[in-house]
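Peer 1: Dumping the structure here so I can ask a few things about it.
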Amino acid sequence: MDTLERVARRIGTGAGAEMTLGLVMAGVILAVALVHAATDPRWPFGLVVGIALCATALLRRHHRTQTAVAGLVLFAAAGVVGALGDMPPDPLFGGGLVGLLVLGADAVRTLPPRPAVLIGVAGIGVIAVSETVGDTGFFDNRALHAMSGATAWAAALAVGVWLRYLAVRRQQTLQAVRREERLELARELHDVVAHHVTGIVVQAQAAGFTGGQDTTPLLSALGSIETAGLDTLAAIRQLVGLLRSPDDTPGVSPLPEPISRLVERFAHHGPAVDLRLPADPPVADWPPQVTNTVYRVVQEALTNITRHAPATRCVTVAIDQDPRQVRVDITDDAPGTGHSASHPSRLGGGYGLVGMRERVEALGGRLLAGPRPSGGWAVHVSLPVPTLSRS
Numbered sequence: 001m002d003t004l005e006r007v008a009r010r011i012g013t014g015a016g017a018e019m020t021l022g023l024v025m026a027g028v029i030l031a032v033a034l035v036h037a038a039t040d041p042r043w044p045f046g047l048v049v050g051i052a053l054c055a056t057a058l059l060r061r062h063h064r065t066q067t068a069v070a071g072l073v074l075f076a077a078a079g080v081v082g083a084l085g086d087m088p089p090d091p092l093f094g095g096g097l098v099g100l101l102v103l104g105a106d107a108v109r110t111l112p113p114r115p116a117v118l119i120g121v122a123g124i125g126v127i128a129v130s131e132t133v134g135d136t137g138f139f140d141n142r143a144l145h146a147m148s149g150a151t152a153w154a155a156a157l158a159v160g161v162w163l164r165y166l167a168v169r170r171q172q173t174l175q176a177v178r179r180e181e182r183l184e185l186a187r188e189l190h191d192v193v194a195h196h197v198t199g200i201v202v203q204a205q206a207a208g209f210t211g212g213q214d215t216t217p218l219l220s221a222l223g224s225i226e227t228a229g230l231d232t233l234a235a236i237r238q239l240v241g242l243l244r245s246p247d248d249t250p251g252v253s254p255l256p257e258p259i260s261r262l263v264e265r266f267a268h269h270g271p272a273v274d275l276r277l278p279a280d281p282p283v284a285d286w287p288p289q290v291t292n293t294v295y296r297v298v299q300e301a302l303t304n305i306t307r308h309a310p311a312t313r314c315v316t317v318a319i320d321q322d323p324r325q326v327r328v329d330i331t332d333d334a335p336g337t338g339h340s341a342s343h344p345s346r347l348g349g350g351y352g353l354v355g356m357r358e359r360v361e362a363l364g365g366r367l368l369a370g371p372r373p374s375g376g377w378a379v380h381v382s383l384p385v386p387t388l389s390r391s
């Protein structure tokens with residue numbers, strides 16, 4: 001029973017399928033050869049050639065170039081021997097044909113371009129020579145006989161080229177998926193870590209300016225640094241949990257609670273924030289990707305204000321929706337020097353704004369960022385929400 005189970009498991013694999021096909025082909029060839037051996041002694045020679053070529057094809061996984069060359073040499077030698085010894089019409093027969101075509105297709109599929117082309121051309125030459133010195137077999141016309149062999153070889157090469165194309169496409173798709181995963185991980189790391197670390201830096205700088213005998217401001221700053229550090233660790237654990245999760249659900253809870261906590265932490269060590277949320281947001285109707293993107297956009301915009309606009313006095317975060325989209329607007333009233341139009345991080349030269357734009361555009365949305373005519377900076381995001389548009 002154990003042996004049968006092992007054979008059954010191997011049949012389910014690629015090697016098992018090849019073994020099964022090889023056994024079936026060998027059985028057919030052997031049966032035909034035994035039937036005709038009594039009346040035509042040339043059949044045993046064809047049987048030996050077929051088995052040899054099939055066995056060579058089965059060894060191709062570990063020695064692809066060598067087996068392809070060996071198959072061509074064996075095919076040519078069998079043709080010459082068959083013609084001189086008046087054996088079979090030619091070795092282009094039964095399993096020998098199958099083995100040779102498998103070798104040719106596999107060589108074109110797996111070998112580098114140069115040896116693949118050489119083997120393809122050599123195969124045409126070997127077939128032409130074999131058909132020239134051999135009997136015409138089933139065809140009275142030698143040219144037609146040679147054409148039939150060349151057509152079979154060309155068909156095998158075409159199959160190999162097609163399989164090679166599919167393998168290249170599959171590899172390109174895999175590389176694109178891996179590249180997107182790296183970009184997503186980079187965005188998550190930037191959004192999660194940079195936001196909290198920026199808060200820690202600001203608090204540490206503020207603590208450095210605390211002087212005098214009164215240690216209350218210093219203790220308050222140290223407490224804020226500790227809280228920001230704990231938030232950073234929690235955010236990193238959340239990110240790691242997201243990466244380990246078997247599904248694709250983003251690791252951010254539904255709005256508006258995270259936005260409120262985010263704004264509260266920001267206002268604790270920064271300017272006041274006017275948070276405006278929908279009166280009755282259908283949170284359950286927001287896809288997780290939209291919820292996550294809204295949170296990250298607000299987080300990155302507040303982080304940029306902390307970094308590049310320390311003179312900001314008031315920030316407005318407005319989240320609204322209509323039946324077709326969700327809109328997010330973050331504005332500040334910083335003086336023009338804090339938001340110079342030439343600042344790279346504000347115009348897309350930094351990773352923060354680039355990451356925001358990638359997130360938004362991936363969902364079919366639009367992001368606009370730039371200086372306000374009245375002073376300060378504005379970030380506007382619109383995201384389509386399919387669920388809302390159907391309601």
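Heads up: the sequence shown is residues 1 to 391, going by UniProt numbering.
Ideal placement from N, C-alpha and C gives every residue a C-beta, glycine not left out.
These numbers were taken from a predicted model, which means no experiment stands behind them.
1. Can you tell me whether DSSP reads P278 as helix, strand or coil?
2. Cα separation between H268 and W377?
3. Assuming G160 contacts A105 under a Cβ cut-off of 8 Å, what Cβ separation, rounded to an integer in Å, is found between them?
4. Considering only residues of the same chain and omitting the five flanking positions on each side of V385, which have a CB-CB separation below 8 Å?
5. Grab me the residues of G364's own chain with a C-beta within less than 6 Å of its C-beta, minus the 5 sequence neighbours each way, in chain order.
6. Give the straight-line distance between the Cα atoms of H343 and W162, rounded to the nearest whole angstrom.
7. Rounding to the nearest angstrom, what Cα-Cα distance links H308 and R178 in this structure?
8. With DSSP as the reference, identify every bridge partner of W377, one or two as the case may be.
9. Have a look at the DSSP bridge pairing and note the partners of L320.
10. From the DSSP output, read off the bridge partner residues of V159.
11. Within 10 Å of its beta-carbon, does T67 have 16 or more other beta-carbons around it, so buried, or fewer, so exposed?
12. Can you check DSSP and say which residues form a bridge with C314?
13. May I ask which residues mark the beginning and end of the alpha helix (DSSP H) holding residue 403?
14. Does DSSP put S342 in a helix, a strand or coil?
15. Take A116 and list the residues in its own chain whose beta-carbon comes closer than 7 Å to its own, dropping the five residues that flank it on each side.
16. If contacts are defined as beta-carbon pairs under 8 Å, then T316 and I305 qualify, I think. What distance do you get, rounded to the angstrom?
17. Is R366 helix, strand or coil when you go by DSSP?
18. Got a sec? Which residues, its chain only, sit under 8 Å from E361 by beta carbon, not counting five neighbours each side?
19. In whole angstroms, what separates the C-alpha of A77 from that of E184?
20. Helix, strand or coil, according to DSSP, for D333 in the structure here?
21. For R169, is the classification buried or exposed, using 16 other Cβ atoms within 10 angstroms of its Cβ as the cut-off for buried?
22. Per DSSP, what kind of secondary structure is L383 in: helix, strand or coil?
23. Excluding five sequence neighbours on each side, which residues of the same chain lie with their C-beta closer than 6 Å to the C-beta of residue 392?
24. Comparing C-alpha positions only, which one of E300, T331, C54, N292 sits nearest to A272?
Peer 2: Based on what the coordinates show:
1. coil
2. 21 Å
3. Confirmed, about 4 Å.
4. D285, W286, P287, V290, Q321, R324, Q325, V326
5. So the list reads P384, once near-sequence residues are dropped.
6. Confidence in H343 is poor, its pLDDT being 47 and thus under 50, which makes the residue's placement unreliable; the coordinate value appears in the next sentence. For H343 and W162, the distance between alpha carbons rounds to 51 Å.
7. 33 Å
8. W377 pairs with P371.
9. The sequence given here places Asp at residue 320; Leu does not occur at that position. According to DSSP, D320 bridges with R327.
10. According to DSSP, which records beta bridges pairwise, V159 is partnered with nothing at all.
11. buried
12. Partner(s): A272.
13. Given that the chain is displayed from residue 1 to residue 391, the structure contains no residue 403 and the question cannot be resolved.
14. Its pLDDT being 42, under 50, S342 is placed unreliably by the model, and the measurement read from it follows with that caveat. In the structure shown, S342 sits in coil (DSSP, three-state: anything other than H, G, I, E or B).
15. A107, V108
16. Taking a contact as a CB-CB distance under 8 Å, the pair T316 and I305 does not count as one, their CB atoms being some 11 Å apart.
17. strand
18. The residues are L367.
19. 58 Å
20. coil
21. exposed
22. In the three-state scheme derived from DSSP, where H, G and I count as helix and E and B as strand, L383 is classed as strand.
23. Limits of the chain in this structure are 1 at one end and 391 at the other, which puts residue 392 out of reach.
24. T331
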